[in-house]
Amino acid sequence: DADGYIFDLDGVLVDTAKYHYLAWKEIAKEFGFELTPEHNEQLKGIGREVSLHKILSWAGKSLSEEIFAQTALRKNESYLQKISYIDHKELLPGVLPLLQQLKSKGKKIALGSASRNARLVLERTGILPYFDAIVDGTMVSKAKPDPEVFLKAAEALHLSADRCCVLEDAPAGIQAAKAAGMTAIGVGSPEILKGADKVISSLANG
Ligand code: BG6
Ligand code: MG
């Protein structure tokens, strides 16, 4: 049993992955590119700019630095608009009972997310008070699969990596957790989350 639990945000705690997908789909369409759920799987967990680079390479397009930055900003504006009315109903099944159970056992809880909107999403969904530490996209320079985000989270919890367990829905996140020397629990399907120490279908079934 670990001492610290580090949660990914999008797709693990909250059902926001679909809003990221819709926002990217709109942008891809502008380049005449149809973004599929399979493409989107590869965008999960990785940062905004890296995501845009990937979409551009799939679409065979390139943008000037200025237009690139504008496009990334527009994606975020569209995403923010889509999440502007979210509340606790957006929490995925099993999240609240698990957070409560971990708290009552005296476990430390951290967030390890690539998103620069993470704090906002935790606030809107009402689970911010459960977190002892938050490491998000405003605090890391290297996107998952780099372990930076999880190593910083462990440090913020004052725990060594081997005492931490990561919960992740994205292949890049599982890779990042293993690279950090942590236990990695995949939330989703085993075919996609290869390399995880264990895969559960949702936090309600763990
Ligand atoms: C991750 C999401 O949590 O955050 C990605 O899985 C997203 O889809 C990334 O691109 C960056 O998020 P944001 O909110 O800073 O654009
Ligand atoms: Mg995720």
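For the sequence shown, this note's numbering begins at 33 and goes up steadily by one.
Here a beta-carbon is modelled for each residue, glycine too, at the ideal position from N, C-alpha and C.
The model shown is predicted, which means the values in this text are computed figures rather than measured ones.
State the Cα-Cα distance for the pair residue i and residue j, rounded to the nearest angstrom.
{"i": "I99", "j": "E66", "result": "20 Å"}
{"i": "A193", "j": "A208", "result": "12 Å"}
{"i": "G126", "j": "G158", "result": "15 Å"}
{"i": "A216", "j": "K114", "result": "30 Å"}
{"i": "L130", "j": "N237", "result": "10 Å"}
{"i": "E81", "j": "A104", "result": "7 Å"}
{"i": "I232", "j": "I38", "result": "16 Å"}
{"i": "N72", "j": "L84", "result": "11 Å"}
{"i": "S147", "j": "Y51", "result": "13 Å"}
{"i": "G213", "j": "A34", "result": "13 Å"}
{"i": "K140", "j": "L95", "result": "43 Å"}
Which of helix, strand or coil does DSSP assign to residue i?
{"i": "E98", "result": "helix"}
{"i": "I87", "result": "helix"}
{"i": "K230", "result": "strand"}
{"i": "I78", "result": "coil"}
{"i": "A146", "result": "coil"}
{"i": "A212", "result": "coil"}
{"i": "A175", "result": "coil"}
{"i": "I118", "result": "coil"}
{"i": "I166", "result": "strand"}
{"i": "L191", "result": "coil"}
{"i": "E29", "result": "Lying before the first or after the last residue shown, residue 29 is absent from the chain, which here runs from 33 to 238."}
{"i": "F63", "result": "coil"}
{"i": "E223", "result": "coil"}
Give me whichever residues DSSP pairs with residue i in a beta bridge.
{"i": "G36", "result": "K140, C196"}
{"i": "L123", "result": "V46"}
{"i": "G218", "result": "E200, V231"}
Is it the case that the CB of residue i approaches a heavy atom of the ligand BG6 more closely than 7 Å?
{"i": "A60", "result": "no"}
{"i": "R148", "result": "yes"}
{"i": "R106", "result": "no"}
{"i": "S83", "result": "yes"}
{"i": "R151", "result": "no"}
{"i": "H71", "result": "no"}
{"i": "H52", "result": "yes"}
{"i": "R156", "result": "no"}
{"i": "G79", "result": "yes"}
* Which residues count as close to the ligand MG when the rule is a CB under 7 Å from any of its heavy atoms, in chain order? -> D40, L41, D42, G43, V44, A49, K76, G77, E200, D201, A202, G205
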